[in-house]
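Input: a single structure, listed below in structure tokens.
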Amino acid sequence: MTSTQAAPRGVDGAAPTGTSPTDAAHAPSPALAAVGYVARKLGLFALTLWAAVTVNFLLPRLMPGTPADAALAKLAQNGPVSEATKAAIEAQLGVPTGNIVEQYFAYLHQVVTLDFGISYTFYPQSVGELVSAALPYTLVLVGLVTVVAFVLGTLLGVLAAWKRGTWLDSVPTLVGSFLSAFPYFWTALLLLFFAGYVLRLFPTSGAYGPTATPNLSFEFFGDALYHGVLPALTILITSLGGWILGMRNTMISTLGDDYVTFAEANGLKPRTIALRYAARNAILPNLTSFGLALGGVVGGSILVEQVFGYPGIGYLLFNAVTNQDYPLMQALFLMITVSVLIANFLVDILYGVLDPRTRR
Amino acid sequence: MTTSLPPTTAILRAPITPAGEAPSAWKVVARVASTVWSNGKARIGLIMLAVFVLLAIFAPLIAPYGASETGFERSADPSAAHWLGTTAAGEDVLSQLLYGAQISIFVGLVAGLLSTVIAVLIGLSWGYVRGFGADVINFIVNLFLVIPGLPLMIVIAAYLSGGGIGMIIIVVVVTGWAWGARVLRSQTQSLRSRDFITAAVFSGERPFRIVFREILPNMTSLIVGNFFGAATAAILAEAGLEFLGLGDSTVVSWGTMLFWAQNSNALLTGQWALLFAPGLCIALLATSLTLINFGVDGISNPRLREGTKK
């Protein structure tokens, strides 16, 4: 993420300034405004969710060929395919029947009941089983690391803006912009090579040892943690820079605002001004980029999981794509999109809690 | 920027500058370039980018061997004949690296340019129209923003399997234009309420002309910044897709080099140069563009210029 992209989405409104007490006087009752805000966001969320589900339905239909065509093309490489084989394959792969409207409603029914059929690659396991086995790993890995990276990056960004012009500014800014230019998979490859193969500090693949079985024991958690260090470190290293740069830039803008000068004139402690005044307002636009950047981190985690053979959603998606396992691919894409949508919705609600002005 | 309005009957064109004369395009370019160059970080970025572009252009002259020339010792360590060693297929790593620069720079340039053009067209008209149309565009842009880019790219690339660089560019542009459109729309909205736009409206100019001749020149820095941002994203996305083997894996690019390195177990054979070099080039090229953007930020926001105090 470049500094321009991290520019506050808050530019929609004015840059965050202090709330003036007179504004609150002629606003409707706060409770009512809050309910209205949540209802509006909920409505938008539902609409976006529907649109994403529909995009997922349309994508394969806009593309040339069907899954059955792909499977038949594979077979045709070994010799001619008879009509009977063709019909059998089409029946097995569940080639959609009926017109597009009927297909759409059948698809919506699948989505609502979370029934995505059977995976081609991992036959006879159902897509649902595969996804729910992979989901916990990605959720814990990406969720935890993203929160750590956001908090750490924001703090470093505040420090860089506050100590502007010193080494506390230049070092994190330069290192941050260099690190955020690292491709996720390259950071992963380097860590894997040096910490995994050369130094043999960490395991080179998987989410747990070959002898362990997933259960709720203390031992298994330790093993899983040990396997998760390198993937987690990769995501942290690569995503940290964006947060530092984004926070630094918005913080520099808020530091120039009148209420900060006023607080300085009042003789408040520098620490109070930095954290309670400037950072408190600068974090708002960054929170919105948090929701959006989550999509990028989720995408990056696909590459990371592939390098480390980490059995999460990303690794599964990679396997689905390379094996042209369309039902699995479609379900995973929907899963990833919906998760990011939900995260964005939660961030929106949080934004409303932190910034009373948005509730009006 | 705001001038007192002369009687509307007296003017046919609204003045952009108080002098009444628009600065020539070359002057604008020269001024933008000198502002960017005056920033230390941006200067480093420009020099780095220039080196990469020169290496890419003159790759056929500089490279010691052909990009796909095989027949050397396989998986060799760095030596005098092969500075960065050879691949598992017996190709020279340094030569591949130099030719690979062509692909990355080409994809970054073309995809960055295309996404910027789309972002400008949609962002500006979206910022200028009001009412239901704006709401519809708002919804579409937000949808593109919120759908995670790489998974969408992977899925599209999977359906369009077998496409080459062209397919990758299309995928990157489709998933990458929305950020810019959003940023440019905000700026358009704030500019359209300025006096010089009101003057242009009263003088009877068509909306198309107002948007692209009156508003657009005032957003040069944002558009330039958006181009570098989009190019960075495109370079990283291209490398990521190639690394997953979703592009044409016979093309020699930094992404495919790493794809083959991983698939031929370069990790086990200990070929650090083969693993290190392509990724470092991607990172350095992307960093150069990010650094240039520090200078570009300074054009639009004087607070971010170097040497100014808060």
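Sequence lines, in order, name chains C and U.
Heads up, the first sequence is in UniProt numbering, so the first residue is 1 and it goes up one at a time.
Heads up, the second sequence is in UniProt numbering, so the first residue is 1 and it goes up one at a time.
Note that CB positions come from ideal geometry on N, CA and C, so glycine has one too.
Would you mind telling me which residues of chain U sit closer than 9 Å to residue i, beta carbon to beta carbon, in chain order?
i                      : result
residue 367 of chain C : A question about residue 367 of chain C goes unanswered here, because the residues of chain C that appear run from 1 up to 360.
C:Ala52                : Leu143, Val146 and Ile147
C:Pro60                : Val155 and Tyr159
Going along chain U in order, which residues have a C-beta closer than 8 Å to the C-beta of residue i?
i        : result
C:Gln306 : Leu244
Where does residue i land, buried or exposed, given buried means 16+ other C-beta within 10 angstroms?
i        : result
C:Ser180 : buried
C:Gly241 : buried
U:Val173 : buried
C:Pro21  : With a pLDDT of 45 at C:Pro21, under the threshold of 50, the predicted position of this residue should be treated as unreliable, and no value is reported.
U:Arg130 : exposed
C:Gln330 : buried
U:Phe294 : buried
C:Phe105 : exposed
C:Pro270 : exposed
C:Phe218 : exposed
U:Glu91  : buried
U:Asn265 : exposed
C:Glu83  : exposed
C:Pro285 : buried
C:Pro311 : buried
U:Ala30  : exposed
Apart from the five residues on each side of it in sequence, which residues of its chain come closer than 8 Å, Cβ to Cβ, to residue i?
i        : result
C:Ala52  : Leu334, Thr337, Val338 and Leu341
U:Thr269 : Ser75 and Ala88
U:Thr8   : Note that U:Thr8 has pLDDT 42, beneath the 50 cutoff, so the model's placement of it is unreliable and the number below is only indicative. For U:Thr8, where only same-chain residues beyond five positions count, the Cβ hits under 8 Å are Ala199, Phe202 and Ser203.
C:Gln306 : Phe185, Gly314, Tyr315 and Phe318
U:Thr290 : Gly45, Phe228 and Thr232
With a threshold of 7 Å on Cβ separation, who are the neighbours of residue i within its own chain once the five nearest residues in sequence on each side are excluded?
i                      : result
U:Thr220               : Val28 and Val32
C:Leu156               : Pro172 and Ile244
C:Ala160               : Leu168, Asp169, Pro172, Thr173, Ile244 and Arg248
C:Phe308               : Ala188, Leu192, Ser205, Leu230 and Pro231
residue 361 of chain C : Since the first residue shown for chain C is 1 and the last is 360, residue 361 of chain C is missing from the structure and cannot be characterised.
C:Ala24                : Since pLDDT at C:Ala24 reaches only 45, below the 50 mark, its modelled position is unreliable, and the value read off the structure follows with that caveat. Nothing meets the Cβ criterion.
C:Leu236               : Val145, Val148 and Ala149
C:Ala279               : Val158 and Met251
Does the distance from the C-beta atom of residue i to that of residue j stay below 9 Å?
i                      : j        : result
U:Ala234               : U:Gly180 : no
C:Tyr277               : C:Thr234 : no
U:Ile154               : U:Leu241 : yes
U:Leu94                : U:Ala277 : yes
U:Tyr128               : U:Thr188 : yes
U:Ala119               : U:Ala230 : yes
C:His227               : C:Ala195 : no
C:Phe116               : C:Gly98  : no
C:Phe221               : C:Thr213 : no
U:Phe106               : U:Leu285 : no
residue 316 of chain U : U:Met48  : The question about residue 316 of chain U has no answer here: the residues shown for chain U are numbered 1 through 310.
U:Ala239               : U:Trp254 : yes
U:Ile165               : U:Val251 : yes
Excluding sequence positions up to five away, which residues of its chain have a Cβ less than 6 Å from the Cβ of residue i?
i        : result
C:Ala274 : Trp162
C:Thr146 : Val297
U:Leu61  : none
C:Ile252 : Ala161
U:Pro78  : Leu84, Gly85 and Ala273
C:Gly176 : Gly241, Ile244 and Leu245
U:Val110 : Ile169
Say whether chain A places a C-beta atom closer than 9 Å to the C-beta of residue i.
i        : result
C:Thr322 : In the structure shown, chain A cannot be found, because the protein chains are C and U.
Listing by chain order, which chain C residues have their CB less than 9 Å from the CB of residue i?
i        : result
U:Ile210 : Per Cβ cutoff of 9 Å: no residues; U:Ile210 is ~21 Å from chain C at best.
U:Leu124 : Here the premise fails: no neighbours, minimum Cβ distance about 15 Å.
U:Ala239 : Pro183, Phe185 and Trp186
U:Gly279 : Phe182, Pro183, Phe185, Trp186, Thr187, Leu189 and Leu190
U:Leu258 : Pro183, Phe185, Trp186 and Leu189
Determine the chain U residues that contact residue i at a beta-carbon separation under 7 Å, and present them in chain order.
i        : result
C:Val340 : Val146 and Pro148
Is residue i near the ligand MG, judged by its Cβ being under 8 Å from some heavy atom?
i        : result
U:Arg185 : The model depicted lacks the ligand MG and carries no ligand whatsoever.
Which residues of chain C have a Cβ atom closer than 7 Å to the Cβ of residue i, listed in chain order?
i        : result
U:Leu236 : Pro183
U:Ala63  : Near U:Ala63 there are no residues of chain C at all, since even the closest Cβ is about 22 Å away, more than 7 Å.
Listing by chain order, which chain C residues have their CB less than 8 Å from the CB of residue i?
i        : result
U:Ala283 : Phe178, Ala181, Phe182, Pro183 and Trp186
Residues of the region 182 to 195 of chain C with Cβ closer than 9 Å to any Cβ of chain U, in chain order: For the region 182 to 195 of chain C, the beta-carbon criterion of a distance under 9 Å to any beta-carbon of chain U is satisfied by Phe182, Pro183, Tyr184, Phe185, Trp186, Thr187, Leu189, Leu190, Leu192, Phe193 and Phe194.
Residues of the region 128 to 162 of chain U whose Cβ lies closer than 9 Å to any Cβ of chain C, in chain order: Going along the region 128 to 162 of chain U in chain order, one finds Phe139, Ile140, Asn142, Leu143, Leu145, Val146, Ile147, Pro148, Gly149, Leu150, Pro151, Leu152, Met153, Ile154, Val155, Ile156, Ala157, Ala158, Tyr159, Leu160 and Ser161 with a Cβ nearer than 9 Å to chain C.
Chain C contacts made by the region 286 to 300 of chain U, where a contact means CB separation under 9 Å: If the cut-off is 9 Å between Cβ atoms, the region 286 to 300 of chain U has Ala286, Thr287, Ser288, Leu289, Thr290, Leu291, Asn293, Phe294, Val296, Asp297 and Ser300 near chain C.
Interface residues of the region 83 to 107 of chain U facing chain C [CB-CB below 8 Å]: none
Cβ-based contacts, 9 Å cut-off: residues of the region 30 to 49 of chain U near chain C: Lys41
Residues from the region 344 to 359 of chain C in contact with chain U, defined by Cβ distance under 9 Å: Identification of residues in the region 344 to 359 of chain C having a C-beta nearer than 9 Å to some C-beta of chain U yields Asn344, given in sequence order.
Residues in the region 229 to 258 of chain C having any Cβ partner in chain U nearer than 7 Å: For the region 229 to 258 of chain C, the residues whose beta carbon sits under 7 Å from a beta carbon of chain U are, in order, Asn249, Ile252, Ser253, Leu255 and Gly256.
Residues of the region 164 to 183 of chain U whose Cβ lies closer than 8 Å to any Cβ of chain C, in chain order: Among the residues of the region 164 to 183 of chain U, those with a Cβ less than 8 Å away from any Cβ of chain C are Trp179, Arg182 and Val183, in the order of the chain.
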